[in-house]
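Note that this note's numbering has the sequence shown beginning at 541, numbered continuously upward.
Everything on this sheet refers to the single structure shown next.
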Amino acid sequence: MLGRPTTGLLGTITGYHRYCVKGEYFPAISKKEGSTVDGMLIYGLSDDDINKLDAFETGYVRIKVPARQASDGVVVDAFTYLWNGNEDDLHGSWVLEEFEPNIQNFLDSEYVKEKEKER
541 MLGRPTTGLL GTITGYHRYC VKGEYFPAIS KKEGSTVDGM LIYGLSDDDI NKLDAFETGY
601 VRIKVPARQA SDGVVVDAFT YLWNGNEDDL HGSWVLEEFE PNIQNFLDSE YVKEKEKER
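Shown next, in the form of structure tokens:
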């Protein structure tokens, strides 16, 4: 999406949950006490990179959160995109392994095509 390789480490944020979004392939993160979300902490992003991500992540709001690096346990400031839509559209738990067979469908979706036009 950024058009270049990135560097990242596995990390975890606490107090959030990764949900399925009704009718969509992609997930959404929303606050949930006692829950955690594992993901990738991407380092070295430029302002242009962040602007591209902000433009892609419509329906979400970028927030700063503390994240724990899996490699050494160090807590760092990170940004994530929090769901800004109807909470009734969120359900269950989004699992990457369940999404992987649908990656091509997602990449071919109108949502992604529209985002590519905007870049």
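All C-beta atoms, glycine included, are put in the ideal place defined by N, C-alpha and C.
**OP:** Could you spell out the range, first to last residue, of the alpha helix (DSSP H) harbouring L593?
**Re:** Numbered from 1 along the sequence shown, position 53 holds the residue referred to as residue 593. Taken as a continuous stretch (DSSP letters only), the alpha helix (DSSP H) holding L593 covers D587 to F596.
Original post:
Enumerated in chain order, which unbroken segments of the alpha helix (DSSP H) with a length of 4 residues or greater are wholly contained in the segment 545-621?
Top reply: At a cut-off of 4 residues, the continuous stretches assigned as alpha helix (DSSP H) that sit fully inside the segment 545-621 are 587-596.
**OP:** Answer with yes or no whether the minimum CB distance from K562 to chain B is below 9 Å.
**Re:** Checking the listed chains, one finds no chain B in this structure; it contains a single protein chain.
Subject >> Three-state class that DSSP yields for L636 in the structure shown >> reply: Here residue 636 corresponds to residue number 96 of the sequence shown, with the count starting at 1. If DSSP states are grouped into helix, strand and coil, L636 belongs with the helices.
Subject >> L630 - partner residues in DSSP beta bridges >> reply: Counted from its first residue, the sequence shown places residue 630 at position 90. Paired residue(s): V561.
Original post:
With a Cβ-Cβ cutoff of 9 Å, do Y583 and G548 count as a contact?
Top reply: Taking the first residue of the sequence shown as 1, we reach residue 583 at position 43. Taking the first residue of the sequence shown as 1, we reach residue 548 at position 8. Inclusion of Y583 and G548 in the CB contact set at 9 Å is warranted, their separation being smaller than that value.
Original post:
Quick one: is I603 buried, meaning 16 or more other Cβ sit within 10 Å of its Cβ, or exposed?
Top reply: Here residue 603 corresponds to residue number 63 of the sequence shown, with the count starting at 1. Burial call: exposed.
Original post:
What's the gap between the Cα of K562 and the Cα of T576?
Top reply: Residue numbering aside, residue 562 sits at position 22 when the sequence shown is read from its first letter. Residue numbering aside, residue 576 sits at position 36 when the sequence shown is read from its first letter. If I take the Cα positions, the gap works out to 21 Å.
Original post:
Which word fits G551, buried or exposed, when buried means at least 16 other C-beta atoms lie within 10 angstroms of its C-beta?
Top reply: Taking the sequence shown and counting its residues from 1, the one referred to as residue 551 is at position 11. Note on G551: 16 or more other CB atoms within 10 angstroms of its CB, so buried under the neighbour-count rule.
Original post:
Can you tell which of E637, L630 and E638 has its C-alpha closest to the C-alpha of Y556?
Top reply: Within the sequence shown, numbered from 1, the residue matching residue 556 stands at position 16. Y556 has its Cα closest to that of L630, out of E637, L630 and E638.
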